[in-house]
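Here the structure is laid out as structure tokens; the discussion comes afterwards.
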Amino acid sequence: MTNSVVDAPPAQVPDELTPGRSRWHGLRPYLPLVALVVAAVLPYSTLNLPGIFEGPLNSPGTLQLLAICLVFGGLAAGYDLLFGRTGMLSFGHALYFAAGVYGTDILVTEAGLPLWQAAVLTVVGGTTLAALLGAVALRTVGIAFAMVTLAFAQVGAILVARDFGGLTGGEEGLPLDVSGLPPALVGVTNTVNLYWLALAYLAIVVLVVHRVSASPTGRVLAGLRDDERRIGVLGLDPYRFKLVAFTLAGGLASAGGVVYVLIVGGASPHITSSELTLSLLVMVVLGGPGTRWGPVLGGVLYMYLDHRLTAFGSSEAVNSLPAFLSRPLSQPLFVLGTVFILAVYFFPGGLASLRSRLTPVLTALRRPR
Amino acid sequence: MNTVVLLTLTGLGLAALYFLVASGLSLVFGLADVLNFAHGLFLGVGAYATWWASGNLPGAGPDGFGFVLAVVFGVLAGSFVAVLVELVLIRPLYSRTIEQVLVTVGLSLAGVALLQATWGADPRPFPRPDWSRDVTSVLGAQVPNAGLLLIVAAVVVLGALLAFLRWTRYGLIIRAGVENREMVTALGIDVRKAFTLVFAIGGAAAALAGALGGVYFGTVSPGQGGSLLIFAFIVVVIGGMGSVVGSAYAAVAVGLLQQFVNYYGTSGLGDLCVVGLLAVVLLLRPQGLAGKVAHA
Amino acid sequence: MNASSEPVLSVEDLSVRIAGLHILQGVSFEVAPTGVTVLLGRNGVGKTTTLRAIVGLTPRGGEVRGSVRMGARSLLARPTHRLVRDGLGYVPEDRCVFAALTVAENLRLAERRGVTPAYDKVFALFPELERRGRQRAGSLSGGQQQMLAIGRVLLNDNRLLLVDEPTKGLAPKVVTEVAEVLERVAESVPVLLVEQNLAVVRRLATDAVVLSAGQVAWTGDARELLLETALTKSLLGVGSGSGEVHA
Amino acid sequence: GSPQDTASGGGDAAPVKVGLVYSQSGPLASYGKQYIEGFKAGLDFATEGTGKVGDRTIELTEADDAGDPAKAVSVAKDMIGKGTKIIAGSTSSGVALQVAPIAAQNKVLFISGPAATDAVTGANKYTFRSGRQSWQDVVTARSFIGDAADKKVVVFAQDGAFGDANEAAVKAVIGGAGANVSSVRAPASATEFTPFASQIKAAKPDLLFVAWAGTTAGAMWQTLDQQGVLASTTVVTGLDIRASWPTFGAAGTKISFLSHYFDGASDTEAAKAAKAKVPGGTLDLFHPDGFAAAQMVVRAVQEGGDDVEKMVQALEGWEFEGVKGAMKIRAEDHALLQPMYQAKLSGSGTAFTATVQKSLTGDESAPPVAQMKG
Amino acid sequence: MLATRGLTWRIGEVAIVDSVYLDLAPGEFLGVIGPNGAGKTSLFNLITGLRRPTEGTVLLDGADITALPPHRRARLGLGRTFQASSVFGSLSVRENVRLAVQAHRGGSMKLWRRAAADREVAAAADAALDRVGLHHRGTALAGTLAHGEKRKLEIALLLAGEPRVMLLDEPMAGVSAEDVPELVSVIKSLTGDSGRAVLMVEHHMDVILELADRIAVMHHGALLACDTPDTVMANATVQEAYLGEAL
Ligand SMILES: Nc1ncnc2c1ncn2[C@@H]1O[C@H](COP(=O)(O)OP(=O)(O)OP(=O)(O)O)[C@@H](O)[C@H]1O
Ligand SMILES: Nc1ncnc2c1ncn2[C@@H]1O[C@H](COP(=O)(O)OP(=O)(O)OP(=O)(O)O)[C@@H](O)[C@H]1O
Ligand SMILES: [Mg+2]
Ligand SMILES: [Mg+2]
């Protein structure tokens, strides 16, 4: 009776497949566009948000941080195609991201290919890898599937750490050789271009995920999440569709890797760790699986915390606390782990559910008028 | 010849360590359906508590009875933390697999960071009896005593677990619960208590692994649990979730495979073989070697 | 009908939904403080669902509404193990013995702290169980498993027994044995019995509740129901043959 | 307008911004701690307690990279964006390797810290190092066998770049001197070392060079000792931070150590100053790196002001007296030539002391000149 | 049209489905009855390929389809409903049916076209919804439907696939008494035309008697009888199986 079956994520209605009914109905289709435009002109703002960012919005440090956050927003959105929208719990998604990062890095740095060739080869390679490994892993379901994907990712981590032929640089990582890159992507003054690149990546992932979710295939994926058996009985091969979703998500992740390696300027073995893959899950659940913006928000917020908590840990505010508080608080991972736990209890539906949870509060606040 | 003996015995020592970590993980998963990523934390707690006790607890020390006392303290501490985790964090989330994964992942991050905040990231020398640093000559092979100690401990724990499952009332409840949780409640038994107990046992076994692992490695560091955990998971999955005996078999298979391949093959190949073994077992038998039965 | 005394269990407006199916749609009935109340109805009408709702075992995702009380106490929303300890014995439909455990272990599981288990009573009823103590329950025959399932519950004192189709799938000889046992059990404790075998019903039942389409179609004295062939036929779907039920 | 502006350095009396990016948390936090203590002591020493160069204050900005290059790159970009012209730090090699190109791309000075990877030497024109590099370790190791000709040398190292670098260096340095070098490698994640110890023992080397970093070192040494490797051959390895000495256990006294630094290895003015300044009063492995970094920063500012090119010129070929003694920044590839030590451990339990057996001068332990890459 | 030959499914020693031989002619309506746990749903699972039989074969139009996966069988015209409603809860009713229509039309993987833009699919889906009378609920989420409506939606999903053989697993389960006639007429309307064959498990005898041309009785996994309603209802063994064994 104790079936070790993985629950489908809390059924969220995919926005694409349900008609909107809000007051903003007419405006809604344009909101993403508005958001994109706002994000795109952000680097022209000199707004200072003390405590949130180290410098003004247009400073390289802030843009760099934002770019990393955006890449992870896109990565989480891509992972959500698997987890939130198709109901597949993969513990090995980081592998395809890492394939993108290391693939590009190696092709540019070691093989000396021009960036665009390296990027195309890497994305094709990452997608193929996802297709091959997915074809094997998808023969299992539930926890077994999660474990097989985890095992594959672990193989990736071992290969990177072993540093075959000095290709990956092992634990030291592999700095990207920028001499062959377009000058617009190199140097602190050009951080804004990396930001735009990351934004473009995010926009593309979101577009792809939404288009696919709204496509006939997306309909099938949503069906798979609700009831895989039923899909089979309707005459569709669940395996094929799951493999397509897995491959597509893998391809998106490796594209994310290409962008990431440009932003960070190198590859390091951190990104092959099983922690990253579990973090992806955290991002999606933190944001709200299967929702339009939840995973993106989750990814952005997670990465923001991950980077900013180191500054928080060494800040005056923390250091002035008594030792039993300041010591753990100066450990970024302590704060991050605690945030996960609290999020599970206090935001069960993720950030995306915040709006509906806040609605009663807001109406209650408005009523006295 | 003596290389084979040496590799076999040290491989079994490694297997013993895996088994100690995996057995608790497996029972928790088998009965309570919780995929516990925080299990490595229990190990860390056990190791640090033992380390702390031998320096600070009156009567405890690195040698003789004092050492036993320190280990007992470590095991109790691990067990206590496990129970606390079950009661406070896991219980409200039963049957919500994804949330449990998140909470236990969060806990493993926060817990390890807490250990690090308290005692630093560097490995600390582990207090241990002198004989544990020596070797015993078996058929010409110089076998480390700490490895033998692990093997003995694992065999004792295996025996104790089986005896516990076989002969005690709670063991009965756990075996029955792995088979049909609902019917156990229908006999008037609060199955959640058994969950707590299983966490306590799992925590204790992991803490023991931490303490003896400390003896074996000679040091204790915050991340030790995490790196063992991934192999323990592999052992649990290969052995079949919920099966103590299955975990024992799988641990032996993984330990020996790793050891021999590392010697005869190139470095790192051992780990790859283990992962390959996992993939093969899962593809052929998704329920693992022993399926889901609490063997007695 | 023991109209004078308080019912041991009263069910009011019980509704159960499972996986979207509205299986019980407002069921109300009472169980008399003595004798055997049978719950009748065609296959799939919701008898098992009723019993499981009473002991709080509706599957995950199921939704239960209404009220179930034993004396002054409301049962819904209390955990199953508490209900059972308060004297609600439950023998499930498919027996659910623990196949990997021995007979003795199955029995031992039902023991409770501070209560002396009535092994002599159980072994007097089912001598077979004593003899087969070390056999694995999974290897028992269906009838023996049923004995074990009932015996397990009788180790403790109960205020009410819920028994779901104890004769299902048993050979005629064994059915008679089970019926005899239940008859003796019912002398000391009230029983709510789900049973499809009309012969057994006839032999044991004092009161009857008939379910149909998720609702109560008829309640009253069992004999009255069984004598009326037409009524049985209309309520239970299939005519009870020529009204001939061998007992 | 411009989508992004870069603050420029101010006038003459404006403070000099120096960014320190190192591990405050994460696995290398204790290296980071020594580094920063050393840096502050060095700054004090080089500015004679004023913290100023001329009338310009040195304004330190510290940031934690948690050992993650991505985070280090982010904060480095942030600092550069705010007009910082000097960045120092990098506790781990991964961070050093990825921050170095950033420095070159943006023409700021980067002084790498404890990161030992040889690849930082000659990485580019703007990158210097304030610590030693793996090669210097290996050259020191060679000094243990005298005439290397026809000796059998085994390198035992972990998989990955650190192990590769050490293996390559041994092959070049000791193998180049006529020794026969082979290697045994193990995964960095290994917890059981018997197979590797057996392989080493079977090889019967005259010298075993061990390059192992990480939390499993204690187990590794114990196994080598138990399998009789330490008793049967000369074993050389690097002496890690003081806190790790007890983890060698009984093996500690049987190993020949090459040492970058330990308290008491030198008795220079700088060492005395550092000792007086660091909390606890005991110097450790990476205090000299931080100290030298501060000395180099002060020199760069004195000679170069706000002009990074001038800073580079001022540092190239500069010779100075550091904690370890006479140091020299080699102009060709920015290698930091410095004394290295042979050491022995004595004691037991948790109380060990290290003593110098021999010191090598900076020239004796000099690595070959690397090709400057950028 | 559809036939099974010695179809058997064992778990361990127990035969859940035991050597079943069935033949279904075009246009025929075969009712399947039997107690809970008799193996009816399991039989459906074997026929539709959700489970692999241990022995025996399934034939469709004379061709052996035993080795085909479920979706291949569905493409050959085998459609089914599930006992516990299995609709896509997080999709709207209309999307549910469109998905079924789309599945039926097959075609390649379309990743970039807007699903909503396919007018043919939409039209066919609306037609199916009309047919079961759910048109007005088109925008509701399937998960929020009342049970009766879900049953209708299941049938609409089935219809959308234009199956030649339909397997209905307890379509009336959980449907309140008032709604039964409507659902019966929907099912009737499906079978009137087109020579479509139907296999239906149902516990409501009156429904079975109204719709079925023949009735098959399952008990302990085996087929006890398969004959015209009158003959079956008069069969003593069937009476026993359905109402329980006589003593
Ligand atoms: N978990 C479940 N999921 C879906 N449907 C269920 C579930 N449990 C019961 N049902 C359905 O609810 C209805 C009532 O089932 P129940 O087992 O209560 O009937 P019963 O009266 O005990 O029948 P029988 O006399 O054959 O045992 C049946 O149609 C059954 O198929
Ligand atoms: N996957 C399985 N594993 C073990 N036993 C199973 C499995 N599937 C079905 N069974 C068992 O097979 C028997 C037949 O089940 P099935 O669902 O086919 O009955 P049914 O005739 O449809 O009953 P109902 O009228 O309640 O729907 C039951 O005893 C059930 O417990
Ligand atoms: Mg029933
Ligand atoms: Mg069924």
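Protein chains in written order, with my numbering: chain U, 2 to 370; chain W, 5 to 300; chain F, 37 to 283; chain B, 3 to 376; chain H, 15 to 261. Using N, Cα and C, we set each Cβ at its ideal position, and we do this for glycine too.
- Relative to ligand 2, even the nearest heavy atom lies 7 Å or more away from the CB of Ser200(B).
- When the five nearest sequence neighbours on each side are left out, the beta carbons in the same chain lying within less than 7 Å of the beta carbon of Pro243(H) are those of Leu223, Ala226 and Ile229, in order along the chain.
- For the pair Phe47(B) and Ala252(B), the Cα-to-Cα distance works out to about 39 Å.
- In the DSSP assignment, Pro323(U) falls outside any alpha helix (DSSP H) and carries neither an H nor an E.
- Here the residues close to ligand 2, judged by CB distance below 6 Å to any of its heavy atoms, are Gly80(F), Ile25(H), Ile30(H), Gly48(H), Asn50(H), Gly51(H), Ala52(H), Gly53(H), Lys54(H), Thr55(H), Ser56(H) and Gln97(H) in chain order.
- Of the candidates Gly351(U), Ser354(U), Ile342(U) and Val245(U), the residue whose Cα lies closest to the Cα of Phe41(W) is Ile342(U).
- Within a 10 Å sphere around the beta-carbon of Tyr31(U) sit fewer than 16 other beta-carbons, which makes this residue exposed.
- In the DSSP assignment, Cys240(H) is bridged to Ala230(H).
- For His289(B), the enclosing alpha helix (DSSP H) starts and ends at His289 to Gly306.
- Counting only Cβ-Cβ distances below 8 Å, Phe102(H) has contacts in chain U at Ala223, Gly224, Asp227, Asp228 and Arg231, in chain order.
- When Cβ pairs closer than 8 Å are counted between the two stretches, the segment 266-277 of chain B is seen not to touch the segment 19-27 of chain B, the count staying below three.
- Against chain U, a Cβ distance below 9 Å from Ala160(H) picks out nothing, because the smallest value is about 18 Å.
- Interface with chain F (8 Å Cβ-Cβ cutoff): Ala114(H) is excluded.
- For Pro133(W), the closest Cβ of chain B is not nearer than 8 Å.
- The beta-carbon distance between Thr217(B) and Pro127(W), rounded to whole angstroms, is 5 Å. This is short enough to meet the 8 Å contact definition.
- Against chain U, the CB of Val109(W) has a partner CB under 8 Å away; the residue lies at that interface.
- The count of Cβ pairs closer than 8 Å, one atom from the segment 72-88 of chain W and one from the segment 228-244 of chain W, stays below three, leaving the stretches out of contact.
- Nearest Cα to Phe247(U) within the set Gly288(U), Phe92(U), Val42(U) and Gly314(U): Phe92(U).
- Put simply, of Gly15(W), Pro133(W), Ser247(W) and Leu212(W) the residue whose alpha carbon is nearest the alpha carbon of Asp67(W) is Pro133(W).
- Annotation: Ala31(B) is outside any beta strand (DSSP E); the continuous alpha helix (DSSP H) that includes it extends over Ala31 to Ala48.
- Counting only residues of its own chain and dropping the five nearest sequence neighbours on each side, Val161(U) has a CB closer than 6 Å to the CB of Thr169, Pro270 and Thr273.
- Gly350(U) places its beta carbon 8 Å or farther from that of Leu330(U).
- Taking the Cα positions, Val72(W) is about 47 Å away from Gly167(U).
- Cβ-Cβ separation between Gln332(U) and Ser27(B): approximately 6 Å, consistent with a contact (criterion under 8 Å).
- Listed along chain W, the residues sitting closer than 8 Å to Ala135(F) by beta-carbon distance are Glu183.
- Using beta-carbon distances, Gly243(W) does not count as an interface residue toward chain F, since no partner is under 8 Å.
- Under the rule that a run must span 4 or more residues, the alpha helix (DSSP H) segments found entirely inside the segment 114-157 of chain H read 133-146.
- For the pair Ala295(B) and Leu111(B), the Cα-to-Cα distance works out to about 12 Å.
- Taking CB atoms only, Gly175(H) has a neighbour in chain U less than 8 Å away.
- Partner residues in a beta bridge of Leu352(U), as assigned by DSSP, do not exist.
- Phe335(U) is the residue among Asp227(U), Leu352(U), Ala353(U) and Phe335(U) whose C-alpha sits nearest the C-alpha of Gly115(W).
- Glu186(W) reaches chain F at Leu93, counting residues in chain order whose Cβ is nearer than 7 Å.
- At a cut-off of 8 Å between C-beta atoms, Gln155(U) does not count as an interface residue with respect to chain B.
- Sequence-distant partners of Gly63(H) (beyond 5 residues in either direction) whose C-beta falls short of 7 Å from its own C-beta, in its chain, are Leu82, Pro83, Pro84 and Arg87.
- Leu166(W) and Arg144(F) have their C-alpha atoms some 18 Å from each other.
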